[in-house]
Amino acid sequence: MKKSVEIVKFKQMYDFIIFLLSKTCNEISQEKLNNELRNSFITGICECISDKNDEFYGKCCGTFYLNTMSEKEGIFSADDYFLFFSNIGIFIFHTDNKGHLKECEFFYESEYFPEFYLEILKEFKTDSGFKNYMKYLKVNDVKLRTLAELKEVFSIEKTNVIEVE
């Protein structure tokens, strides 16, 4: 049985995604972003704790997967992705064939890991899996930050829009 949880249950992550998208998708109104995301469900998380990707990026993975219940076309380009670099991490948004978000690939700098991502981890990991993840964070001296702290220090270093043909 596949688990899915409405993203609105994770209020701070919801707000963080809206914050990130409003910084990078200026052409899309806040209202449209909210309407789009409200229909989304988190269906899973990346199961890596520290793999080659984390070593390559030098980041802490906070990736999760989304699905939507909407039959309408989404507000983003279909089957596309865009990424941007910031002082707190690398953020990659993937879309499905209808233009809805399907994956949020987030790689945080170790001093800017969101404490609110732990709520999602608790929902999708076993107790022992969650404990192992917490050990990983401690061993790697990862600093947990609040939403307010992340918003305060956030700045985009470079924005790349990649179009897939």
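Numbering-wise (my numbering), the sequence shown opens with residue 31 and increments by one.
Using N, Cα and C, we set each Cβ at its ideal position, and we do this for glycine too.
For Lys89, the nearest candidate out of Phe154, Pro144, Ile150 and Ala178 (CA to CA) = Within the sequence shown, the letter at position 59 stands for residue 89. Measuring from the Cα of Lys89, the nearest candidate turns out to be Pro144.
Quick one, which of Lys152, Ile105 and Ser70 has its alpha-carbon nearest Glu77's?
-> Reading the sequence shown from its first residue, position 47 is the one you call residue 77. The residue with the shortest Cα to Cα distance from Glu77 is Lys152.
DSSP three-state call for Val172: helix, strand or coil?
-> In the sequence shown, residue 172 corresponds to position 142, counting from 1. Coil.
How would you label Met99, buried or exposed, when you count the other beta carbons within 10 angstroms and need 16 or more for buried?
-> Position 69 of the sequence shown holds residue 99. Around the C-beta of Met99, fewer than 16 other C-beta atoms lie within 10 Å, and the residue is accordingly described as exposed.
Which residues bound the beta strand (DSSP E) around Ile120?
-> Within the sequence shown, numbered from 1, the residue matching residue 120 stands at position 90. Per DSSP, the continuous beta strand (DSSP E) segment holding Ile120 begins and ends at Gly119 to Thr125.
With burial defined as no fewer than 16 other Cβ atoms inside 10 Å of the residue's Cβ, what is the status of Thr125: buried or exposed?
-> Your numbering for residue 125 matches position 95 in the sequence shown. The Cβ neighbour count for Thr125, taken over all protein chains shown within 10 Å, is at least 16; the residue is labelled buried.
Less than 8 Å separating the beta-carbons of Leu177 and Phe46?
-> Counting from 1 along the sequence shown, the entry for residue 177 is found at position 147. Counting from 1 along the sequence shown, the entry for residue 46 is found at position 16. Contact flag set, yes.
Exposed or buried, what is Ser185 when buried is set at 16 or more other beta-carbons lying within 10 Å of its beta-carbon?
-> On the sequence shown, residue 185 is found 155 positions in, with the first residue counted as 1. With fewer than 16 Cβ atoms within 10 Å of its Cβ, Ser185 is classed as exposed.
Taking Leu96 as the reference, which of Phe114, Asn69 and Ile118 has the closest Cα?
-> As a working mapping, residue 96 is identified with position 66 in the sequence shown. Closest by alpha carbon: Asn69.
In the structure shown, what three-state DSSP assignment does Ser70 receive?
-> Here residue 70 refers to the residue found at position 40 when the sequence shown is read from its first residue. The answer is strand: DSSP assigns Ser70 an E or B state.
Start and end of the alpha helix (DSSP H) containing Lys53?
-> Position 23 of the sequence shown, counted from the first residue, corresponds to residue 53. First-last of the alpha helix (DSSP H) with Lys53: Lys41 to Thr54.
With a 10 Å radius around its C-beta and 16 neighbouring C-beta atoms as the bar for buried, classify Lys102 as buried or exposed.
-> Here residue 102 corresponds to residue number 72 of the sequence shown, with the count starting at 1. Per the 10 Å Cβ criterion, exposed.
Closest by CA to Phe106, which one among Asn117, Glu133, Ile120 and Cys91?
-> Translated into the one-based positions of the sequence shown, residue 106 becomes position 76. For the residues Asn117, Glu133, Ile120 and Cys91, the minimum Cα distance to Phe106 belongs to Glu133.
Select from Lys155, Lys168 and Met164 the residue whose C-alpha is nearest the C-alpha of Ser34.
-> As a position in the sequence shown, residue 34 is number 4, starting the count at 1. Of the listed residues, the one whose Cα sits closest to Ser34 is Lys155.
Taking DSSP as the reference, what is the three-state secondary structure of Lys132?
-> The residue given as residue 132 occupies position 102 in the sequence shown. Lys132 sits in a strand when the DSSP states are folded into three classes.
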